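If you read the sequence shown in numbering that gives the first Met the number 0, its first letter stands for residue 0, the second for the next number, and so on.
Just so it is clear, CB atoms sit at the ideal spot from N, CA and C, and this is done for glycine as well.
The model shown is predicted, which means the values in this text are computed figures rather than measured ones.
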Amino acid sequence: MISAGLASMGPARTVEAIIAWFRDQLVASDYAAGCPVAPVAIEGPQSPAALSAAGESFTSWEDTIAASLWQNGVGQDRAHGLATMAISAIEGALLLAKAQRSTRALDRVEEELAFLLAAALGGVPSGPDRKPS
């Protein structure tokens, strides 16, 4: 999903699509669904092999997003920072959404990531409280 999206839509729209997919899954499952990797990471000490696999998954996602950002003109360090921010923010928002039984956290993360990615990619960030500079 991530690699295909990055190739066809670029990083900003792919992050948007990932969030939309998770939002749809949460609502359709009455907030039971979520990222299948996060629970493994949380319960990792009981299964070192599973924890290692979860870490590799997160690293792969970060590297894939960072590479796309870099290919779209973002400096390498900034690209890795943004990729880590995106994955971390989405994963955290999923936990909040499940606990709060609301997509509010995902909605906010989507808006903030859109702003950050637009700024990094040279777009004009905008939003309800943002004015183009």
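Asked: Pull up the distance between the alpha-carbon of Q24 and that of Q70, whole angstroms please.; Found: 30 Å
Asked: Can you have a look at G4 and say buried or exposed, based on whether 16 or more other CB atoms are within 10 angstroms of its CB?; Found: buried
Asked: Can you tell me whether P47 is buried or exposed? The criterion is at least 16 other CB atoms within 10 Å of its CB, across all chains shown.; Found: exposed
Asked: Under three-state DSSP, which class holds G122?; Found: coil
Asked: Buried or exposed: which applies to A113, given that a residue is buried once 16 or more other Cβ atoms fall within 10 Å of its Cβ?; Found: buried
Asked: Considering D76, what are the terminal residues of the alpha helix (DSSP H) in which it resides?; Found: 75 to 99
Asked: Among the candidates P38, G74, S7, whose CA atom is the shortest distance from the CA of A118?; Found: G74
Asked: Output the distance between the C-alpha atoms of V39 and E61, rounded to the nearest integer angstrom.; Found: 17 Å
Asked: Under DSSP, the alpha helix (DSSP H) around G9 begins and ends at which residues?; Found: Run containing G9: none; DSSP gives neither H nor E here.
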